[in-house]
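Please read the structure below before turning to the comments.
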Amino acid sequence: MSLLDTASLIVTPNGYKEGKLYSVIPSDGSGDMSVGRATTATRVNSAGLVELVPYNLAQYSEDFSNPFWSLYQASILSNDIASPNGTMTATKLIASTNSVAAIYSTGPYNEGLKTFSVYAKAGSQNIVFIDAIAIGGSSALMRVNLSTGALISNTFQNTNIENVGDGWYRISGTYTQLGGSLAQVSFGFGTSVSTNDYAYFWGYQIVEADTALPYLKTETRLNIPRLDYSNGTCPSLLVEPQRTNLVTYSSSFDNGAWDKDGVSIVANNITSASGVQDADKITENSANGIHGLYNLNPYTSITTATASIFFKKGTRKFFSIKLQIGANSYTQVYDSESVTTASNTSNGLTSVSTSVVDFGNGWVRATLTGTNPSGAADAYTVYCLSNSGTPTFDAVNKNPTYQGTGTDYGYIWGAQVENASYQTSYIPTQAATVTRNADVISKTGIADLIGQTEGTVFVELDIINGAESLGIWMRTGVTPYNDMITILVSQFGTCIAEVRASNVNQFVNSSFSIGSGKHKFALAYKANDFAFYIDGTQIATSSSGTPPTCDQVYLGGYPDGGARLSKNIATALYKTRLTNDELATLTTI
Amino acid sequence: MNIYKLTYPNKEAAVADLKAKNILIEVDGIDGQKHEAYGNGVQAVVEIGLIILEQGTYDEEGNVITEPIYAEGYHYDVMSSELYDFDANLVEPKNPKHAFAGHAVTEEYEPQFLGDEA
């Protein structure tokens, strides 16, 4: 028997659904974690791509009675027949007139490439359609004969009709909408219709991809835990604080929200870090000067900001980010080929940090953080091409300046500015700034899974430099810190284990610091017997103190909006104080 | 979940109202100090601040040539499962400058059906 077999609770980034992260132990659901965020978010998926979570953009993909959906000249019977997955969840669409009968949603959905799909089965009607219509009228429509599986007519760019058995077909169409949002998506039937004609539908999906991805059921879409693969094949549970991307049109640099100086933009020219062809080409002109773009409207009331952008080399591999807050600025040049920072010019910002990370397929994400020592002010970011890792910086505007060729270029995608001291996952925007809420991963009322008089807490974390990682926080009642057991790593890498009862510290250790990357922590507690281990090494012990009784567990964040940036790989609780040898074994990397 | 779009004369008035409604609360921190936190049911409080209606102009050094023109008031968005009466502070902008991820900014639209070929 391994140590893991004796745990009372094990949670890993594994099985999940909306609002829930399944526990490995126990397997009866009593240890499943609640997931709350109330917004969508992005992650790096197992293919290394930046992906919206969930990737199905449609809400209530199997519940067409939900107000998210509307009916046009039709009624429905929910859960009427077996769906393609065998559950009684398919919907019968019934014509109210002798004309079109449809189920539709008015979104709106952002412009760009998308694939629309739905499962359909013939009833008295065997010719069905799906369509997508944009504000302004451009549109795509396909009609399919469900008796033969034949495509009857089509204005989508690509289509697919897949026979999935029992009379069901999955029909899909791919369409790129430019110049405005999609205002309506719908499916139904409209060919030679008689009143009370019917057909069956199930599992509607919209994805930002050129093919229909595996079907993913949705409800609200808002509370899905993020299994993040940014550090390889082993996922971590990504928990982030609330953040707003202050940039509008964050991947639409051709938009008028961006002022271009010495460059031209070709929209949606190449596949981005998301796997979709929505990255822009930025080409320098032949002028002698700067070659970049910046936000026309300033970000207001900024003291500290983090600016980031994805870049892929074309004929130019060097690029720069300039962050200006008030009269102070910092400009950093990056090399997208070697994935390193190059030269910089510092002009007043303090607490500056920079980074550049490989996102695969030639894409890097570069980041610049800085603080205005003069306090809150308007802020701007400038993203430029550079002809060198050590360019000449313009004496006035502090951006790389050089004689352009008129032909050299690179690619950009996903600009983000956060009013904070470190970068978080990408938040796509269009005309408005967008907020991703804090992730809250919690379980309450589980005193039976938490050691009350003795126990052991184990967490494995992927630590990120510059951000506080909250591994685990257990408490009782509603007062945050009176009775608690916690393991966290400060933004400076200080590892903190703390046990507090009746608002009195029973065991505290913050003597050890670690760097970024994966680390294992274990904190064992029992009356007058505490021990703290990191990566197989005993950090501290204590022979005095009394542990509290806890009945709630939080991973990565607090329930009051105080989420930290955490990548939790595994969590385990034991109802016994493991031996020191077992703690060493459990935490050995 | 309820989304409230709010405008106040200034930041101080906004914070005072949010605290009066227990949307923003103070809790004892682990360091023994008071910390601002979200009240019961609150998912997010977003300080939007000033909204620029017309951009300013600046010289190459970033000095202001003409000041930007701002919308009246100081703006916040609140997302909460709780119901509040914000009275005159509640607004319904036609072109909101801020959204929550996954919550569509809806526009009036009359549905049309290309499949109408009966």
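Chains as they are written, first to last, in our numbering: chain A, 82 to 670; chain B, 287 to 404. Every residue gets a Cβ at the ideal spot worked out from N, C-alpha and C, and that includes glycine. Note that the structure is a prediction, hence the values are computed from the model and not measured.
Backbone CA spacing between A:Pro-481 and A:Leu-133 [nearest angstrom]: Those two C-alpha atoms are separated by around 34 angstroms.
Near-chain A residues of the region 295 to 310 of chain B - C-beta to any C-beta below 7 angstroms: None of the residues of the region 295 to 310 of chain B has a beta carbon lying less than 7 angstroms from any beta carbon of chain A.
Continuous alpha helix (DSSP H) stretch holding B:Leu-304: start and end: Per DSSP, the continuous alpha helix (DSSP H) segment holding B:Leu-304 begins and ends at 297 to 306.
A:Thr-168 versus A:Asp-247 - alpha carbon distance: Rounded to whole angstroms, A:Thr-168 to A:Asp-247 spans 13 angstroms at the Cα level.
Reference A:Val-245; option with closest CA among A:Asn-239, A:Gln-238, A:Ser-253: Minimum Cα-Cα distance from A:Val-245 among the listed residues A:Asn-239, A:Gln-238, A:Ser-253 corresponds to A:Ser-253.
Residues of its chain near A:Gln-358, where Cβ-Cβ distance is below 7 angstroms and the 5 sequence neighbours each way are ignored: Counting only Cβ-Cβ distances below 7 angstroms, and skipping sequence neighbours, we find Leu-194, Asn-349, Ile-351, Thr-352.
Closest by C-alpha distance to A:Val-288, when choosing among A:Tyr-415, A:Tyr-375, A:Asn-191: That would be A:Asn-191, whose Cα lies nearest to the Cα of A:Val-288.
Among A:Tyr-415, A:Lys-398, A:Thr-385, A:Ser-159, nearest to A:Gly-429 - alpha-carbon criterion: Across the set A:Tyr-415, A:Lys-398, A:Thr-385, A:Ser-159, the C-alpha of A:Thr-385 shows the shortest separation from the C-alpha of A:Gly-429.
Minimum C-alpha distance to A:Thr-448 - residue among A:Tyr-507, A:Ser-625, A:Leu-569, A:Ile-106: Among A:Tyr-507, A:Ser-625, A:Leu-569, A:Ile-106, the Cα nearest to that of A:Thr-448 is on A:Tyr-507.
Spatial distance of A:Thr-486 from A:Asn-378 (CA atoms): C-alpha separation (whole angstroms): 29 angstroms.
Beta carbon proximity, B:Lys-320 to chain A, threshold 9 angstroms: Between B:Lys-320 and chain A, the shortest Cβ-Cβ separation is not below 9 angstroms.
Buried or exposed (CB count within 10 angstroms, at least 16 for buried), A:Gln-238: Exposed, since its Cβ has fewer than 16 Cβ neighbours within 10 Å.
Terminal residues of the beta strand (DSSP E) in which A:Asp-361 lies: It spans 360 to 365 - the beta strand (DSSP E) in which A:Asp-361 sits, taken as one unbroken run.
Contact residues within the region 119 to 150 of chain A, judged by C-beta distance below 8 angstroms to chain B: Answer in chain order: Ala-119, Thr-120, Thr-121, Ala-122.
Beta carbon proximity, A:Asp-309 to chain B, threshold 9 angstroms: Cβ-Cβ to chain B under 9 angstroms: no for A:Asp-309.
Endpoints, beta strand (DSSP E) assigned at A:Asn-244: Secondary structure note for A:Asn-244: its beta strand (DSSP E) is the uninterrupted segment 239 to 246.
Backbone CA spacing between A:Phe-270 and A:Gln-154 [nearest angstrom]: Inter-residue distance for A:Phe-270 and A:Gln-154 is about 11 angstroms (C-alpha atoms, whole angstroms).
Three-state class that DSSP yields for A:Leu-77 in the structure shown: As displayed, chain A neither begins before 82 nor continues past 670, which places residue 77 of chain A out of reach and without an answer.
Contact under 9 angstroms by Cβ, B:Val-332 with B:His-384: For the 9 angstroms CB-CB criterion, B:Val-332 and B:His-384 form a contact.
Reduced DSSP secondary structure (H/G/I, E/B, other) of A:Leu-85: Per DSSP, reduced to three states, the secondary structure at A:Leu-85 is helical.
DSSP beta-bridge partners of A:Leu-90: Answer is A:Leu-654, bridged to A:Leu-90.
Through-space distance from A:Ile-545 to A:Lys-173, alpha-carbon basis: Distance between the alpha carbons of A:Lys-173 and A:Ile-545 is about 50 angstroms.
A:Thr-272 vs A:Thr-255 beta-carbon contact at 9 angstroms: No. Outside cutoff.
9 angstroms Cβ cutoff, B:Leu-336 in contact with chain A: Closer than 9 angstroms to some Cβ of chain A, the Cβ of B:Leu-336 qualifies, so yes.
Cross-strand partners of A:Asp-340 (DSSP beta bridge): DSSP output for A:Asp-340 lists A:Tyr-375 as bridge partner(s).
Backbone CA spacing between A:Ala-665 and A:Gln-619 [nearest angstrom]: So the alpha carbons of these two residues sit roughly 7 angstroms apart.
Chain A contact residues for B:Ala-387, given Cβ-Cβ distances below 7 angstroms: Near B:Ala-387 (Cβ distances below 7 angstroms), the residues of chain A are Thr-120, Thr-121, Ala-122, Ile-508, Val-515, Thr-516, Arg-517.
Cβ-Cβ separation, A:Leu-102 to A:Val-116 (assumed contact under 8 angstroms), whole Å: A:Val-116 to A:Leu-102, Cβ: 6 angstroms. Contact.
Alpha-carbon spacing of A:Val-570 relative to A:Ile-577, whole angstroms: Annotation: A:Val-570 to A:Ile-577 spans about 6 angstroms, alpha carbon to alpha carbon.
Top-ranked residue by Cα proximity to A:Ser-597, from A:Asn-369, A:Lys-398, A:Ile-531, A:Glu-549: Answer by Cα proximity: A:Glu-549.
Neighbouring residues, chain A, relative to B:His-361 (Cβ below 7 angstroms): Close partners of B:His-361 in chain A (Cβ separation under 7 angstroms) are lacking, with about 11 angstroms as the shortest Cβ gap.
Residues that DSSP places opposite A:Leu-710 in a beta bridge: Because residue 710 of chain A is not part of the residues shown, which for chain A are 82 to 670, the question remains open.
Any chain B beta carbon closer than 9 angstroms to A:Asp-212: Chain B places a beta carbon closer than 9 angstroms to that of A:Asp-212, counting this residue as a contact.
8 angstroms contact criterion, which A:Ile-566 and A:Cys-465 should meet: CB distance rounded: About 49 angstroms; that fails the 8 angstroms criterion.
Members of the region 180 to 200 of chain A that neighbour chain B once the beta carbon cut-off is set at 7 angstroms: Within the region 180 to 200 of chain A, the qualifying residues are Ser-180, Val-181, Ala-183, Tyr-185, Thr-187, Gly-188, Pro-189.
Cα-Cα separation, A:Asn-366 to A:Thr-514: The alpha-carbon atoms of A:Asn-366 and A:Thr-514 are separated by roughly 30 angstroms.
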